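Taking mature numbering (1 follows the signal peptide of the UniProt record, and there is no 0), I'd label the letters of the sequence shown as residues -25 to -1, 1 to 321.
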Amino acid sequence: MPPNLHLLTTVGVTLLLLVVTHSAAKNQQFREAPAFRNGKDCPKSQWSTTASVHDNATIHIAMTLDYSSPYLRGSIAGVLSVLQHSTCPENTVFHFLATPHHHPHLRRTITATFPYLNFHLYPFNPTTVNHLISSSIRRALDQPLNYARIYLADLLPPAVTRIIYLDSDLIVIDDIAKLWRINLNSHVLGAPEYCHANFSHYFTSRFWTSPTFSTVFKGRKPCYFNTGVMVIDLTKWRNHGYTAKLEYWMRIQKRYRIYELGSLPPFLLVFAGNVEGVEHRWNQHGLGGDNLEGLCRDLHPGPVSLLHWSGKGKPWLRLDAKRPCTLDNLWAPYDLFRHEYLFSDI
């Protein structure tokens, strides 16, 4: 082969490989995360979905994944933040809830982004809850996946007896094992409580003027808690039928309109005043502003282990729009989304 022709052939093959590789990169929506390994003093996880004995070395985390919305980007950032700050990341098992027809896409995405992640995908069928959902003040709150946390005890295997539930719009900047180890005592659920909040705002006047409804809190001192971060004893939940109790209030809502805020009020009705209080550092919530305008907010006073952009404003939207709030820049380092498909990304 003449030298010039050989050179042209070599260049052509190289360019073709670059184009093919570049095309593959374009099909991968997220960059691959680094591998996170256990520290030398970590116990070995013996987790198995068929285990009959609870494995104390394993931390179980549940999240929802929505392949059809930008919230997947938030979920990916949340997973990365947990792994990056864990002393024993290999002992963490993620339990993802998603609509069944998205499972093939999600499995490919998660496997490509986190090749070493121990995870399970569970089907959450929207028809489970569609008939129970009432419209709220913000459309995102009405999505069926927003209610999937109610069905964790039903969807996860019996071997999972305790779970940390995390929303898709947060990052963890501390070792999640510290949250995992909290003592729930006699309670089913643990979460940071905010007793200074005006509890009456979470229900309509129709609720408070009805003795049938408002007396549900009799004998309790209800406080607001955010359902985006919860530690749940799934054994107690299953034994006492809490899924049915939450569904009961959703049916009441359909008929009488006793609240305006999506999946939160049923949790308040069932659990408020009977929650194991967790340090506020584990849910610095409200960073997305309110549910209508989503204006910038500052951190609450005190230490921080978890940043939560609850509210309308999401960090990925404000960063992409070049109008970030100051705190959105703390979320940005965990964003694995491919913004531009350049050869330098390959």
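Virtual Cβ for every residue (Gly too), placed ideally from N, Cα, C. Keep in mind the model is a prediction, meaning the values are calculated, not measured.
Checklist line | Cutoff 7 angstroms; reference I85; Cβ partners in own chain excluding five residues on either side | finding: For the purposes of this step, residue 85 is taken as the residue at position 110 of the sequence shown. Taken in chain order, the residues that qualify are L92, F94.
Check: In the structure shown, what three-state DSSP assignment does A152 receive?
Finding: The sequence position of residue 152 within the sequence shown is 177, counting from 1. Helix, per DSSP.
Notebook entry, point to check: Between which two residues does the beta strand (DSSP E) carrying T67 extend?
Noted result: Within the sequence shown, numbered from 1, the residue matching residue 67 stands at position 92. 67 to 73 is the span of the beta strand (DSSP E), which, as asked, contains T67.
Item checked: Straight-line Cα distance separating L243 from S280 -> For the purposes of this step, residue 280 is identified with residue 305 of the sequence shown, where counting begins at 1. For the purposes of this step, residue 243 is identified with residue 268 of the sequence shown, where counting begins at 1. Looking at the two C-alpha atoms, the distance is approximately 24 angstroms.
Check: W257: which of T33, V57, S44, C300 sits nearest, CA to CA?
Finding: Here residue 257 corresponds to residue number 282 of the sequence shown, with the count starting at 1. For the residues T33, V57, S44, C300, the minimum Cα distance to W257 belongs to V57.
Note to self: Using a 10 Å radius around the Cβ and a threshold of 16 neighbouring Cβ atoms, would you call A219 buried or exposed?
What the structure shows: Looking up residue 219 in the sequence shown gives position 244. Classification of A219: exposed, given that the 10 Å Cβ count is below 16.
Item checked: Among H60, L221, P240, nearest to D149 - alpha-carbon criterion -> Position 174 of the sequence shown, counted from the start, is the residue given in the question as residue 149. With distances taken between Cα atoms, D149 lies closest to H60.
Next item on the list: Apply the 10 Å Cβ neighbour rule to L127 and answer buried if 16 or more other Cβ atoms are within range, or exposed otherwise.
Entry: In the sequence shown, the residue the question calls residue 127 occupies position 152. Its Cβ being crowded by 16 or more others within 10 Å, L127 is buried.
Notebook entry, point to check: Do H283 and V206 come within 8 angstroms of each other at the CB atom, strictly closer than that value?
Noted result: As a working note, residue 206 is residue 231 in the sequence shown. As a working note, residue 283 is residue 308 in the sequence shown. No, the pair does not count as a contact, with Cβ atoms beyond the cut-off.
Item checked: Burial state of T136, where buried means 16 or more other Cβ atoms lie within 10 Å -> Stepping through the sequence shown from its first residue, residue 136 is reached at position 161. So T136 ends up on the buried side.
Notebook entry, point to check: Is it true that the CB of C198 sits closer than 8 angstroms to the CB of Y169?
Noted result: Residue 169 sits at position 194 when you count from the first residue of the sequence shown. Residue 198 sits at position 223 when you count from the first residue of the sequence shown. It is a contact, given that the beta carbons lie within the stated cut-off.
Note to self: Taking the beta carbon of D310 as the centre, do at least 16 other beta carbons fall within 10 Å, making it buried, or is it exposed?
What the structure shows: Locating residue 310 in the sequence shown gives position 335, where the first residue counts as 1. When all chains shown are included, D310 counts as buried.
Notebook entry, point to check: What residues are listed by DSSP as bridge partners for D208?
Noted result: Position 233 of the sequence shown, counted from the start, is the residue given in the question as residue 208. The partner list for D208 (beta bridge, DSSP) reads R137.
Checklist line | Helix, strand or coil at Y91 [DSSP, three-state] | finding: On the sequence shown, residue 91 is found 116 positions in, with the first residue counted as 1. Reduced to three states, the DSSP call for Y91 is coil.
Note to self: Measuring only the C-alpha atoms, how far is V104 from M38?
What the structure shows: For the purposes of this step, residue 104 is identified with residue 129 of the sequence shown, where counting begins at 1. For the purposes of this step, residue 38 is identified with residue 63 of the sequence shown, where counting begins at 1. Going by the C-alpha atoms only, they are around 17 angstroms apart.
Notebook entry, point to check: L164: which of D265, L209, R230 sits nearest, CA to CA?
Noted result: By one-based count along the sequence shown, residue 164 stands at place 189. Cα-wise, what sits closest to L164 is L209.
Next item on the list: Starting from the C-beta of D117, find all residues in its chain whose C-beta is less than 7 angstroms away, skip the five residues before and the five after it, and write them out in chain order.
Entry: Locating residue 117 in the sequence shown gives position 142, counting from the first residue. Cβ within range, chain order: I108, S110, S111, G237.
Check: For the putative contact between R195 and N160, defined by C-beta atoms under 8 angstroms, what is the C-beta separation to the nearest angstrom?
Finding: For the purposes of this step, residue 195 is taken as residue 220 along the sequence shown, with counting starting at 1. For the purposes of this step, residue 160 is taken as residue 185 along the sequence shown, with counting starting at 1. In fact, because the Cβ distance is near 16 angstroms, the residues do not count as touching under 8 angstroms.
Check: By a C-beta neighbour count over all protein chains shown, 10 Å radius and 16 as the cutoff for buried, is H76 buried or exposed?
Finding: One-based indexing of the sequence shown puts residue 76 at position 101. The residue in question, H76, is exposed, as its Cβ has fewer than 16 Cβ neighbours within 10 Å.
Notebook entry, point to check: Ends of the beta strand (DSSP E) at G49?
Noted result: Along the sequence shown, read from residue 1 onward, the residue named residue 49 stands at position 74. Run containing G49: none in the beta strand (DSSP E); it sits in the alpha helix (DSSP H), 46 to 59.
Notebook entry, point to check: Who pairs with Y200 in a beta bridge, going by DSSP?
Noted result: In the sequence shown, counting from the first residue as 1, residue 200 sits at position 225. The question names Tyr, but residue 200 is Phe in the sequence shown. DSSP lists E168 as partners of F200.
Check: CA-CA distance, H7 and V191?
Finding: The residue you call residue 7 lines up with position 32 of the sequence shown. The residue you call residue 191 lines up with position 216 of the sequence shown. It is worth fixing the name first, because residue 7 is Glu in this sequence and not His. Approximately 49 angstroms, taken between the alpha carbons.
Note to self: Using a 10 Å radius around the Cβ and a threshold of 16 neighbouring Cβ atoms, would you call T(-5) buried or exposed?
What the structure shows: Working through the sequence shown from its first residue, we reach residue -5 at position 21. Residue placement at T(-5) is poorly supported in this model, since its pLDDT is 36, which falls under 50; the coordinates are not used for a value here.
Checklist line | A52 to N173 span [Cα, whole Å] | finding: Taking the first residue of the sequence shown as position 1, residue 52 is located at position 77. Taking the first residue of the sequence shown as position 1, residue 173 is located at position 198. Their Cα atoms are separated by approximately 32 angstroms.
Next item on the list: Taking V245 as part of the alpha helix (DSSP H), name the residues at either end of that continuous run.
Entry: Working through the sequence shown from its first residue, we reach residue 245 at position 270. 239 to 246 is the span of the alpha helix (DSSP H), which, as asked, contains V245.
Margin query: Below 8 angstroms, how does it come out for the stretch 64 to 75 and the stretch 175 to 182: are there three or more Cβ pairs, yes or no?
Written below: no
Item checked: Where A296 falls, given that 16 or more other Cβ within 10 Å makes a residue buried -> Within the sequence shown, the letter at position 321 stands for residue 296. Label assigned to A296: exposed.
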